[in-house]
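J.:
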Amino acid sequence: MAVDIKDVEQVAQDLQQKFDDFKAKNDKRVDAIEQEKGKLAGQVETLNGKLSELESLKSDLEKELLELKRPAGGAQNKVATEHKDAFVGFLRKGR
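If you read the sequence shown in the working numbering, its first letter stands for residue 1422, the second for the next number, and so on.
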């Protein structure tokens, strides 16, 4: 069985054509993945910003809760402070 050079060249050309087709498809696929990666990176940055904002709000809320749990009653509003001062004054002076 003799192998002709034209047959070998034809097989090589077919192989090259198939490789070029594969390369083109793969390049398109890689480009699509890169574009999607860019979109995801933007979404990740947005979510990280929102998470950091939520963390700061959470820490502020925890600080306020700790102040309220203090034996002195924590931060009081103006009306409560005036009422307390009036009551203490009444106990001290009887008025």
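Backbone N, C-alpha and C fix where the C-beta goes; we use that ideal spot for every residue, glycine too. In this text, all values refer to a predicted model and were calculated from it rather than measured experimentally.
Could you check the C-alpha separation between L1468 and I1454 for me, to the nearest Å?
T.: The residue given as residue 1468 occupies position 47 in the sequence shown. The residue given as residue 1454 occupies position 33 in the sequence shown. In a straight line, the C-alpha of L1468 is about 21 Å away from that of I1454.
J.: At 4 residues or longer, what runs of the alpha helix (DSSP H) sit wholly inside the stretch 1451 to 1494?
T.: Within the stretch 1451 to 1494, no complete alpha helix (DSSP H) run reaches 4 residues.
J.: With a CB to CB cut of under 7 Å and the five nearest residues on each side skipped, what residues in its chain are close to K1479?
T.: The residue given as residue 1479 occupies position 58 in the sequence shown. Within the same chain, K1479 has no close Cβ partners at all.
J.: From K1484 to D1452, what does the alpha carbon distance come to, in whole angstroms?
T.: Position 63 of the sequence shown, counting from 1, holds the residue named residue 1484. Position 31 of the sequence shown, counting from 1, holds the residue named residue 1452. Distance between the alpha carbons of K1484 and D1452 is about 48 Å.
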